[in-house]
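What follows is one structure encoded as structure tokens, with my remarks underneath.
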Amino acid sequence: MSLGDGDSLAGRSLLIVAAITLLSLAPGLAIMVTAFPFIVTVLSILRQALGLQQSPPNMLIISLALFLTWFIMEPVFLESWRVAGQPLVDGTIDWQEAFSRGIEPFRAFMANRTNPETFTSLAALREGVPFEGELATAPLSTLVPSFMLSEITRAFQIGFLVYLPFLIIDLVVSAVLMSMGMMMVPPAVVALPFKLAFFVVADGWVLLSGALVRSYF
Numbered sequence: 014m015s016l017g018d019g020d021s022l023a024g025r026s027l028l029i030v031a032a033i034t035l036l037s038l039a040p041g042l043a044i045m046v047t048a049f050p051f052i053v054t055v056l057s058i059l060r061q062a063l064g065l066q067q068s069p070p071n072m073l074i075i076s077l078a079l080f081l082t083w084f085i086m087e088p089v090f091l092e093s094w095r096v097a098g099q100p101l102v103d104g105t106i107d108w109q110e111a112f113s114r115g116i117e118p119f120r121a122f123m124a125n126r127t128n129p130e131t132f133t134s135l136a137a138l139r140e141g142v143p144f145e146g147e148l149a150t151a152p153l154s155t156l157v158p159s160f161m162l163s164e165i166t167r168a169f170q171i172g173f174l175v176y177l178p179f180l181i182i183d184l185v186v187s188a189v190l191m192s193m194g195m196m197m198v199p200p201a202v203v204a205l206p207f208k209l210a211f212f213v214v215a216d217g218w219v220l221l222s223g224a225l226v227r228s229y230f
């Protein structure tokens, strides 16, 4: 699309506004096609399982999720830059071709992590014949939500396993308090230091982060 003298001022203004809007939405859109939804959901469930409301703070959880996402997605980012970013900078392709090339590594990543049943269910909701080809070639309007739903479902499954040991600690503490007749003492307050000690002794941050990363390789 040209911004030369032949274009009207109104048209150029609309194009600039559209470009700024797209740039503002780009970070959020990029997060949707990466490992971020899975990681941040698991970390949030972990905080709830520990019984902590504000610690670690949301900013810290999001920052950790972003850097773990970067660690996991770096090969995809590099491949996308190699096939699209660098040629665009060199001027050998236009931005439309760059987008078509650059999205392919992300398509492959999402296709490998998407539950086929989830994709089929969403594809069946579209008007007309449901898509029956390879997931990597599916329309982004179907592939992206299927990928996100698959990641959130997988995160809940991991969250269930993360929650179990802390739930056992809560039940044991509650039973002990009941047997001692200390029914007025909140079990959550007494259980919190035991859960924190268990998590620290088990080196929980390293174990959980390693498990999240290894699930992608």
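Residue numbers for the sequence shown, in the working numbering: 14 to 230. Where is the CB? At the ideal position from N, CA and C, for every residue including glycine.
C-alpha distance - residue i paired with residue j, whole-angstrom precision
{"i": "Phe132", "j": "Arg120", "result": "13 angstroms"}
{"i": "Pro118", "j": "Leu209", "result": "40 angstroms"}
{"i": "Ala204", "j": "Pro70", "result": "20 angstroms"}
{"i": "Ala201", "j": "Met193", "result": "16 angstroms"}
{"i": "Leu77", "j": "Val102", "result": "31 angstroms"}
{"i": "Arg95", "j": "Ile171", "result": "34 angstroms"}
{"i": "Phe211", "j": "Ala188", "result": "18 angstroms"}
{"i": "Gly217", "j": "Leu65", "result": "15 angstroms"}
{"i": "Val226", "j": "Ile165", "result": "16 angstroms"}
{"i": "Gln61", "j": "Glu130", "result": "29 angstroms"}
{"i": "Ile75", "j": "Leu153", "result": "25 angstroms"}
{"i": "Leu199", "j": "Ala224", "result": "Checking the sequence, you will find Pro at residue 199 rather than Leu. The alpha-carbon atoms of Pro199 and Ala224 are separated by roughly 33 angstroms."}
Chain-order list of residues whose beta-carbon lies under 7 angstroms from that of residue i (same chain, five-residue window excluded)
{"i": "Ser68", "result": "none"}
{"i": "Met45", "result": "Val157, Met161"}
{"i": "Trp108", "result": "Leu101"}
{"i": "Tyr229", "result": "Ala48, Ile85"}
{"i": "Phe122", "result": "Val89"}
Distance between beta carbons of residue j and residue i, contact taken as under 8 angstroms
{"i": "Phe179", "j": "Leu63", "result": "6 angstroms"}
{"i": "Ile85", "j": "Ala48", "result": "5 angstroms"}
{"i": "Phe51", "j": "Ala168", "result": "5 angstroms"}
{"i": "Leu135", "j": "Pro158", "result": "6 angstroms"}
{"i": "Ser163", "j": "Thr127", "result": "5 angstroms"}
Spatial neighbours of residue i in its chain, beta-carbon cut-off 6 angstroms, leaving aside the 5 residues before and after
{"i": "Ala97", "result": "Ala111, Arg114, Gly115"}
{"i": "Ala124", "result": "Leu148, Ala149"}
{"i": "Asp183", "result": "Ala204"}
Own chain residues within Cβ distance below 8 angstroms of residue i, not counting five before or after
{"i": "Met196", "result": "Leu190"}
{"i": "Ala43", "result": "none"}
Review point. For the 8 angstroms Cβ check, are there 3 or more pairs between the stretch 53-62 and the stretch 85-98?
Key: They do not touch, by the three-pair rule.
Exercise for review: Please confirm if the stretch 173-192 is in contact with the stretch 146-162, defined as three or more CB-CB distances below 8 angstroms between the two stretches.
Suggested key: Result no; under three Cβ-Cβ pairs closer than 8 angstroms.
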